[in-house]
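Protein chains: 2
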Amino acid sequence: MEELTERKSKILNIIIQNYLETGEPVGSRTISKYPDLNFSPATIRNEMADLEEMGFIIQPHASAGRIPSDKGYRFYVDGLIAQKDREITEIKDVMFERTERMEQVLKQVVKVLANNTQYATMISAPAISGTKVKFVQLSPVNEHQLLSVVMMSGNIVKNKLIELDNPLTAEETLKLNMLLNSSLNGLTIGDINLALISQMKSQAGEFEDIIEQVLKTVADTIEDEEGLEIYTSGATNIFKYPELSDSQRAKDFIEAFEEKEELKDLIADIEGTSEGETGTGIQVYIGDESPIGSMKDCSVVTATYELGDGIKGTVGIIGPKRMDYKNVMDNLTSIKKKLEQIVKG
Amino acid sequence: MEELTERKSKILNIIIQNYLETGEPVGSRTISKYPDLNFSPATIRNEMADLEEMGFIIQPHASAGRIPSDKGYRFYVDGLIAQKDREITEIKDVMFERTERMEQVLKQVVKVLANNTQYATMISAPAISGTKVKFVQLSPVNEHQLLSVVMMSGNIVKNKLIELDNPLTAEETLKLNMLLNSSLNGLTIGDINLALISQMKSQAGEFEDIIEQVLKTVADTIEDEEGLEIYTSGATNIFKYPELSDSQRAKDFIEAFEEKEELKDLIADIEGTSEGETGTGIQVYIGDESPIGSMKDCSVVTATYELGDGIKGTVGIIGPKRMDYKNVMDNLTSIKKKLEQIVKG
DNA sequence: GTTAGCACTCGAATTGTTGGAGTGCTAATA
DNA sequence: TATTAGCACTCCAACAATTCGAGTGCTAAC
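Those protein sequences? They're chains H and L, same order as listed. Residues in the first sequence are numbered consecutively from 1014, following the working numbering. Residues in the second sequence are numbered consecutively from 1014, following the working numbering.
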């Protein structure tokens, strides 16, 4: 009994779909009532016994119906991914009003997504690491403070306040600005090496101290962001799913969302995985496949969005294994598109 | 029986303290065992009956011990506030390493606080409303984009990207910068009125369009922040307290923390309340005293910190009514001091 | 190959039982 | 008069016993 016959596959799909809706184990009688399956419960039971032996479904206790195993979910999900023809359901366009600031957009995205799907959602801000310096500006605030503004590709702006020992004149500031811009423009963080630094220092002449400080600031500024920002929403939706909402489980889950450290690991894992595995940029972690312990009873569906210039981020949904995979994937695909076009548009 | 005798007050305090520790109703026998109260359980029972009649304690069911009522907690808390002599317990100084950015500091503060107290914590970023423009800087990014950087007192920096129809020359930019700085410097948002705007426009000559756009941007930038930023931590600590951790309650509570909308109301309420009511800047909401529905079984203790120039924010702790009020107040007082000195220092 | 029938199993929900903690009341005591 | 001992009473929490229904596996019949 190694083959997954048409009928078995049909039954399996019905079990999964029914379980997704109800959250209750599915019995043979229930299945036999489906219109396109005219067999008696007994027959179904035989098939179910086979399916269980093959590892697709599980009996939570001796006299209960069956629920999908991780392998079962995987079968179902792979089936979904296979049918590429899904049309993109339009997300309300209200979502992206004119907001220059990425942060606002992302916060809105997770909220909308959580609302649409009723699962927990997360999104990582575009990683800045591979991006280029677009321009640098030093502005004197007063005698002792200099504000450095660094803009990276993707229109990400960072500020930092620099303390000065001695005041700078307007000319000196201008000169430094020119030097910084001409030297740094278009460089990635990786391009700023020792040779470049010493070269800049020599050009700065008597201000080499300041250049050093500024460069350090720039590097700090950028690396600061390396600590990947993540926005989340809808963590409490977990309470909607009885199988996840016992106290301990819920606490661990929500804590992971609050702390975000583990989410970072997850995202690192996702972005590390060879991209485009499915061609759609969508990845699915079922149960133990996820690196986060508190989510071993959950499924995680993620999409990676790319803003060009190698900048990319990840948006994902975490919910019970009996998740409405189809709807979730549609939503993610749609978000991905929207995000990608918001930058181009 | 309208008087709160010494003995009654002693018993009341014992009931509250014991309940704070155990979370279980306190019976007469338990109380009679306290060393400084040499009476039999029966005597205690009489007193307890009185205390209940006076509204300080409650019997959750007919044959249970007593627990404090909101009025009881209030009595206890007022007693605590009265003794001003509390020494400031030092918080680990690691906390405030050199971080220029307020945001980082605040995030750290809530985390440390949640960790120290094991309750849920929140902190509001200093409200910018009353603050002054310190300086404004427009920098051309490319032909079509202009980056505006606005710095307010309290070293809060805001960026915004402005789309240009026609490119600006360097001179024009410089001129605009000078105009903006000389006109806006030292003003609060309230000071920017129509008269000022039209005056600036006329000075800007052919660039009045741009001035308008920039001013709007500046206003936006500032008002943007009016939507008060709030950082939270430790929401899941609620699960440590059985009386709060049933599913529905926990969901509502954590949701309030995730959404933050209600927290904003709370903070508005706090900052609205005539300050210094206690002289220490500490306020306590017990149960229904709080404006947030999902916290009607909690207590909220808050402190307002002031950074000078009218800039202030609020830091608070939300936990069960049987909260370790003393410890919490000490912690808040300490944080408040630290925050206030971090800006001056 | 499919189905009907039947005995069996298990969990969830309901009910009954018990024990302990705590009370209020009354009568005795200092 | 204030305090205490004693006692009957109440209620909850925990546990055990019972019932009920859904679902299974197996066998024999179609």
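Beta carbons: idealized from backbone N, C-alpha and C, even for Gly.
Under the Cβ criterion of 8 Å, H:E1268 is counted among the residues facing chain L. Residue environment: L:A1208 is assigned as exposed (fewer than 16 neighbouring CB atoms within 10 Å of its CB, all protein chains considered). Under DSSP, the beta-bridge partners assigned to L:Y1244 are L:I1136. In the structure shown, H:F1148 adopts extended strand secondary structure according to DSSP, grouped into three states. Two segments are said to touch when three or more pairs of C-beta atoms, one from each, lie closer than 8 Å; by this definition the region 1130 to 1141 of chain L does not touch the region 1128 to 1147 of chain H.
L:Q1226 has a beta carbon lying at 8 Å or more from every beta carbon in chain H. The C-beta of H:N1344 comes no closer than 8 Å to any C-beta of chain L. The count of Cβ pairs closer than 8 Å, one atom from the region 1321 to 1337 of chain H and one from the region 1029 to 1040 of chain H, reaches three, so the stretches are in contact.
Residues of the region 1156 to 1180 of chain H with a Cβ closer than 7 Å to any Cβ of chain L, in chain order: L1160, V1162, M1164, N1168, V1170, N1172, K1173 and L1174. Listed along chain H is no residue with a C-beta nearer than 8 Å to that of L:Q1121; the closest approach is about 13 Å.
When the five nearest sequence neighbours on each side are left out, the beta carbons in the same chain lying within less than 6 Å of the beta carbon of L:Y1132 are those of N1250, I1330 and G1332, in order along the chain. Taking a 10 Å sphere around the C-beta of H:R1020, we find fewer than 16 other C-beta atoms and assign the residue as exposed. Chain-ordered, the chain L residues with CB closer than 7 Å to the CB of H:F1252 read S1260 and K1264. Within chain L, the C-beta atoms nearer than 7 Å to that of H:T1249 come from K1264, I1267, E1268 and E1271, in chain order.
The three-state reading of DSSP puts H:N1206 in coil, since its state is none of H, G, I, E or B.
Against H:F1220, chain L offers no close residue; the least beta-carbon distance is about 20 Å (beta-carbon pairs closer than 9 Å). At least one C-beta of chain H is nearer than 8 Å to the C-beta of L:V1154. Checking the DSSP bridge columns, you'll see L:Y1298 partnered with L:V1313. Between H:I1224 and H:M1213 a beta carbon distance of about 6 Å is seen, short of the 8 Å cut, so the two are scored as contacting. Within the same chain, E1065 and R1079 come within 7 Å of L:Q1072 by CB-CB distance, once the 5 residues on both sides are set aside. The alpha carbon of H:N1026 has as its nearest neighbour, out of H:Y1086, H:T1130, H:N1194 and H:S1260, the alpha carbon of H:Y1086. The CB of H:K1147 comes closer than 9 Å to the CB of V1154 and N1155 in chain L, given here in chain order.
Counted as a single uninterrupted DSSP element, the stretch harbouring H:G1332 is not any alpha helix (DSSP H) but the beta strand (DSSP E) occupying residues K1325 to P1333.
Counting C-beta atoms within 10 angstroms of its own C-beta, L:P1180 has fewer than 16 neighbours from the protein chains shown and is therefore classed as exposed. H:L1228 sits away from H:C1311, with the two beta carbons spaced by 8 Å or more. With fewer than 16 other Cβ atoms from the protein chains shown falling within 10 Å of its own Cβ, H:K1046 counts as exposed. In the structure shown, L:Y1032 falls within a helical segment according to DSSP collapsed to helix, strand and coil. According to DSSP, residue pairing for L:V1090 in a beta bridge does not occur. In this structure, the CA atom of L:S1161 is about 39 Å from the CA atom of H:M1342. H:M1067 carries a coil assignment under DSSP once its states are collapsed to helix, strand and coil. Under a criterion of Cβ atoms nearer than 9 Å, no residue of chain L is adjacent to H:S1195; the nearest Cβ is some 15 Å distant. Look at H:S1137: its C-beta is not under 8 Å from any C-beta on chain L. Annotation: L:M1308 is outside any beta strand (DSSP E) and is labelled neither H nor E by DSSP. The DSSP-derived three-state label of H:M1336 is coil.
Setting aside the 5 residues that flank it on each side, H:D1282 is surrounded in the same chain by P1304, each with a C-beta closer than 7 Å to its C-beta; the list follows chain order.
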